[in-house]
Amino acid sequence: EQYVFIHDTLVEAILSRGTSVTSDLLHTYVSDLLTPGALGRTRMDKQFKLISQRQAKHADYSTALRDGNAERNRARALMPVERSRVCLTASKSNSTGYINASYVMGHHHSKEFIVSQTPLSSTVADFWRMIWEHGAHTVVCLPDTHSQSEQGESCVYWPSKDQPMSFEGFTVSYSGEEHVCLSNDERLLVQDFTVDSPENNYVLEVRQYSAACWPNPDSPIRNCFDLVSTVREHSRHSDRPTIIHDPLGGATSGLFCALTTLSSQLEEEGAVDVYQVARMTNLMRPGVFNDL
Numbered sequence: 002e003q004y005v006f007i008h009d010t011l012v013e014a015i016l017s018r019g020t021s022v023t024s025d026l027l028h029t030y031v032s033d034l035l036t037p038g039a040l041g042r043t044r045m046d047k048q049f050k051l052i053s054q055r056q057a058k059h060a061d062y063s064t065a066l067r068d069g070n071a072e073r074n075r076a077r078a079l080m081p082v083e084r085s086r087v088c089l090t091a092s093k094s095n096s097t098g099y100i101n102a103s104y105v106m107g108h109h110h111s112k113e114f115i116v117s118q119t120p121l122s123s124t125v126a127d128f129w130r131m132i133w134e135h136g137a138h139t140v141v142c143l144p145d146t147h148s149q150s151e152q153g154e155s156c157v158y159w160p161s162k163d164q165p166m167s168f169e170g171f172t173v174s175y176s177g178e179e180h181v182c183l184s185n186d187e188r189l190l191v192q193d194f195t196v197d198s199p200e201n202n203y204v205l206e207v208r209q210y211s212a213a214c215w216p217n218p219d220s221p222i223r224n225c226f227d228l229v230s231t232v233r234e235h236s237r238h239s240d241r242p243t244i245i246h247d248p249l250g251g252a253t254s255g256l257f258c259a260l261t262t263l264s265s266q267l268e269e270e271g272a273v274d275v276y277q278v279a280r281m282t283n284l285m286r287p288g289v290f291n292d293l
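Next comes the structure, spelled out in structure tokens:
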């Protein structure tokens, strides 16, 4: 087993060498990644396979599969591993503090993002507790444009204008909303909520960005960065995690995290490392890119 580990590590080092690239060489690097080799496989194919193969080794899903927790997952294909799962304070409705959500590293913090599945009706309280306990000011609600698997029920987990949602220890209230037109003419729903706990004498303001179609397959790739830039600007001065979710907490959310991190790398360092960003995202939420 030790020899297998050493072999895999050496193979990864060889295939992933030179993955950091400066902005002036980015187009050349991408062209090289997409150029087929003698056997018709591109270097990008090899790197993606390498990331995917390493995901299942030593992955511990013990809490996600415990009795009472398995039903909190939309799909077994995407569950949090122990090393990076979000742990909530135990409550009457959730004695284990489990939620299908994972920390994901960004450019500035090791827990810069939380990637989560869209709440089920039975886990709405857990979702808002996660927001409350992490002091998260920013939530990004994304569609699932990649996965063709069963996603389960659809659930509206936020309060309406005249009907707050009360949970154990706190209340979520609607503050307002607006539709923002991005540069590509796509409309973004921006909603504001407050999370209030009388016991703690504290009010948390939360802004949610909901994109009906992201990434849009009919638009240029550069348009993906409109939403990324909008969310980055709002959360720029916060050290709290940004919560990203799609139905399964999969490829769409993973892509958003990766593009946000790469944008920060490029802006602050003049270079990006796509492979290492994808590798780390997949390490913290195994299988996140499987549907790409």
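Numbering (this note's numbering), first residue to last: 2 to 293. Glycine included, every Cβ here is placed at the ideal spot set by N, Cα and C. Just so you know, these numbers come straight off a predicted model, no measurement behind them.
Take G98 and list the residues in its own chain whose beta-carbon comes closer than 8 Å to its own, dropping the five residues that flank it on each side. Excluding sequence neighbours, G98 sits near C88, L89, T90, A91, S92.
Would L293 pass as a contact of V278 if the rule is Cβ separation under 7 Å? Not a contact, by the Cβ cut-off of 7 Å.
What do you reckon, are the CB atoms on L267 and V273 nearer than 7 Å? Annotated as proximal: L267 and V273, with beta-carbon spacing under 7 Å.
Sequence ranges, alpha helix (DSSP H) only - wholly within the stretch 115–151, length at least 4: If only complete runs of 4 or more residues are kept, the stretch 115–151 shows the alpha helix (DSSP H) at 125–135, in order along the chain.
Among P199, G271, S254, S265, which residue has its Cα nearest to the Cα of N291? Checked all of P199, G271, S254, S265; the closest Cα to N291 is S254.
Alpha carbons only, please: which of E169, Q209, D186 is nearest the one belonging to E178? Ranking E169, Q209, D186 by CA distance to the CA of E178 puts Q209 first.
Tell me whether D177 sits in a helix, a strand or coil according to DSSP, three-state version. In the sequence as presented, Asp is not what sits at residue 177; that position holds Gly. Strand at G177.
With C-beta atoms as the reference, is A78 less than 7 Å away from L143? Taking 7 Å as the Cβ cut-off, A78 and L143 do not qualify as a contacting pair.
Which term fits A126, buried or exposed, when burial requires 16 or more other beta carbons within 10 angstroms of its beta carbon? Buried, because 16 or more other Cβ atoms sit within 10 Å of the Cβ of A126.
Between which residues of its own chain and G170 is the CB-CB distance below 7 Å, once the five residues before and five after are set aside? So the list reads S198, E200, once near-sequence residues are dropped.
CB-CB length for M285 against Y104, believed under 8 Å: Between Y104 and M285 the Cβ distance is about 6 Å, and since that is below 8 Å, they are a contact.
Under 8 Å Cβ to Cβ from L304, same chain only, skipping five residues before and after it: list those, please. The shown model of the chain, from 2 to 293, leaves out residue 304, and the question about it has no answer.
Should G250 and S117 be called a contact, given that it needs their Cβ atoms to be closer than 7 Å? The Cβ atoms of G250 and S117 lie closer than 7 Å to each other.
If you compare alpha carbons, which of Q164, F168, D186, E187 is closest to S176? Looking at the Cα atoms, Q164 is the closest of the given residues.
Kindly indicate which residue of D247, G41, A60 has the alpha-carbon position closest to the one of S155. Closest in C-alpha terms to S155, from the list D247, G41, A60, comes D247.
Assigned exposure category for R205 - 16 Cβ within 10 Å defines buried: Note on residue identity: the sequence assigns Leu, not Arg, to residue 205. Around the Cβ of L205, a 10 Å sphere holds 16 or more other Cβ atoms; the residue is buried.
What three-state label does DSSP hand Y62 in the structure shown? Reduced to three states, the DSSP call for Y62 is coil.
Run through DSSP, which three-state label would A71 get? It is helical.
Neighbourhood of R233 by C-beta, 8 Å cutoff - its chain only, sequence neighbours within 5 removed: Closer than 8 Å at the Cβ level, and outside the excluded window around R233, lie T261, S264, S265.
Quick check on DSSP: helix, strand or coil for A212? A212: strand per DSSP, three-state reduction.
So, using beta-carbon positions, are L34 and M45 closer together than 7 Å? A contact, by the Cβ cut-off of 7 Å.
DSSP state of M285 mapped onto helix, strand, coil: Here M285 sits in helix by DSSP.
For V157, which of T124, H135, V289 has the nearest alpha-carbon? Selected option, being the one with the closest Cα: T124.
Determine, using beta carbons only, whether V173 and W129 come nearer to each other than 7 Å. Yes.
Any heavy atom of the ligand MG closer than 6 Å to the CB of V191? Of the ligands one can find in the structure shown there are none, so the ligand MG has no counterpart to examine.
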